[in-house]
Structure formats: C-alpha cells, structure tokens
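First to last, the sequence lines map onto chains S and G. To convert, count from 1 in the first sequence and add 81; that's the working numbering. To convert, count from 1 in the second sequence and add 846; that's the working numbering. Structure, as structure tokens:
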Amino acid sequence: MMEYWAHFFTLIVLVVGAYLAVFLRSLIASVIALSAMSLALSLEFYLLHAPDVAIAEAGIGAGLTTAIFIFALRGIRRD
Amino acid sequence: MRMSKIVRTITALLFWAVLVFGFYIVIHGHLTPGGGFQGGAVIASSTALFLIAFSKDEFLRKYKDVFLSVAESGGLLLFISIAFLGIGATFFYNFMANSGGIFGSPTPIGINDGDLNTAGTLPPMNIAVGLEVFGGLSLILLFMFLGAYLKPFSKESEVHEE
C-alpha cells in the first residue's frame, strides 16, 4: 500500500511539473519546473526497480539539461 | 558573470561532494547500480554546478579545455586498448579476472557484501568510460556556456568577419 501511494504522489508531481513547464510565463521558472519533473521521473524509475536508469536520469535530465537551458536563457537576455 | 554569494558558498561546499559521489559510482560500477556513464554524468554535473555559480575565468583556471579534451580522447583510447589487450583469446576478453592481481580476486559465490577487488577488466573499463563521459559532457557544457555569450548579429562580429 505504501508503494502505491509513493507511485501516486510521484506521478502527480510528474504531471504537475510537466503542466507548469509548458504553461508558466517566466522562462526560468519553466526550466525549474522541467527539472523538478525530471527529478520526479528519476524517483519513479527508482520505484520501478530501475536504479541504473534513475541515476542516469537524475544526472542528465535534472542536472545537465537544466544547466544548458540556464546558459541559453543567459544568452538570450544579454541584449 | 557570477551568481550571488549564497549560491557560490553552497556550490563550493557541494562541488566536492558531487565529485566524490561521481567517483564512487564509477569505482563501484561492477557492484552497485550505475557505472561509467552514470558516474561520468554525475561528475559532469559538478562541472555544470561550477560553471553556473562562478565565472568562466575561474572555471578555465581550474580546468583547461585541453585537459577536458585529453580526458575524453584518453578515456576512449584506454577503453579500446584494454579491449585489444585480450585479443589473444577474443576482443574484449576479460584476461584480468581471477588472475590474482589487481581486480583479480575470485568472485565470492552467493549473497555477500561485495568485493571491490574482483571483475577483472570491468573496473578499468568503467574508469575509462567515466573519464570519457566526464570530458565529453563537460566540453559540451563549456562550449554551450561560451556560445551563449556570442552575439552573431551584433556589429562586433561583423567587424571580425571583415
């Protein structure tokens, strides 16, 4: 039962994060929402007994992609 | 361009923790979840942390981009040379397993705590892949960071093109 609720809340965070990433007005907040969604996806992979994929998702999805998005946002706000 | 003092202090604290955790994932690649790619990605995310919090000059003082390039190419070369070292039997032959030397202890059978000194050529190959992924992803991050400051349609670049 515990695992059921863990899945439930993780998937709720996943969907809310994806919704916010699309519909938030501020670009930097949108990127942070995408990062949170990626972290929830990593947690979901872990709950589904795939810790290998979870580490890769946390490193690439939540870490590197967010950094690259932030670099791009810094670049377009320069002018 | 630097972030606030809070971000810089937290980064200076977390940088080494992320780095050590990445090395842990790489070294324990044959025992626990993760391996060369995942560990390299974690180490490269410490690079991302550093680049976001500090300026590019401080980053380039710490890591030369030549060093990152050498890490990438050296990791690939190390990987393929370890693979070729076993060519006496087959390509990728695990000649170090159960040999008694480094990483050569016999693997314990059944449920055990996990012996780090086993698995033959797998840990060196994990280290090679980790080095390669760290170099490659850090180079991608560095050049994306530098590219975000280029202004292709400004007057300065037109002057340079002439």
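Don't be surprised by glycine CBs; every beta carbon is placed ideally from N, CA and C. Remember, it's a predicted structure, so these values are computed and weren't measured experimentally.
Quiz item: Is it buried or exposed for T936/G, if we count other Cβ within 10 angstroms and need 16 for buried?
Solution: exposed
Practice problem: Tell me, please, whether the CB atom of A858/G is closer than 9 Å to any CB atom in chain S? | Solution: no
Exercise. Just tell me which of F900/G, V912/G and K910/G has its CA closest to the CA of K851/G.
Key: F900/G
Practice problem: Would you mind giving the Cβ-Cβ distance between L154/S and E84/S, rounded to the nearest angstrom? I have them listed as a contact below 8 Å. | Solution: L154/S to E84/S, Cβ: 38 Å. No contact.
Quiz item: In the structure shown, what three-state DSSP assignment does N972/G receive?
Solution: helix
Self-check item: Where the alpha helix (DSSP H) through R854/G begins and ends
Solution: K851 to I873
Quiz item: Rounded to the nearest angstrom, how far is the Cβ of G885/G from that of F869/G, given a contact under 8 Å?
Solution: 7 Å
Exercise. Could you tell me whether the stretch 875 to 882 of chain G touches the stretch 129 to 139 of chain S, using the rule of 3 or more Cβ pairs below 8 Å?
Key: yes
Exercise. Establish whether the CB of L145/S and some CB of chain G are separated by less than 9 Å.
Key: Chain G places a beta carbon closer than 9 Å to that of L145/S, counting this residue as a contact.
Self-check item: Nonlocal neighbours in the same chain, by C-beta distance under 6 Å from E1004/G, ignoring five residues either side
Solution: The predicted position of E1004/G is uncertain, since its pLDDT is 47 and thus under 50; a value taken from the coordinates is nonetheless stated next. A distance below 6 Å between beta-carbons, with the five flanking residues on each side excluded, links E1004/G to no residue of its chain.
Quiz item: For the candidate residues G920/G, I889/G, S919/G and K910/G, whose alpha-carbon lies nearest to that of G144/S?
Solution: I889/G
Quiz item: If you count every other CB in all the chains shown that lies within 10 Å of the CB of A974/G, and 16 or more means buried, which is it?
Solution: buried
Quiz prompt | Within chain G, the residues that G140/S reaches when beta carbons sit closer than 8 Å | solution = Q884, A887, V888, A890 and S891
Self-check item: Coil, strand or helix - Y85/S by DSSP
Solution: helix
Exercise. At 7 Å on the CB atoms, spell out the chain G contacts of F152/S, in chain order.
Key: M990, F991 and A994
Quiz item: Relative to the alpha-carbon of L859/G, which residue among F913/G, S892/G and H874/G has its alpha-carbon at the smallest distance?
Solution: S892/G
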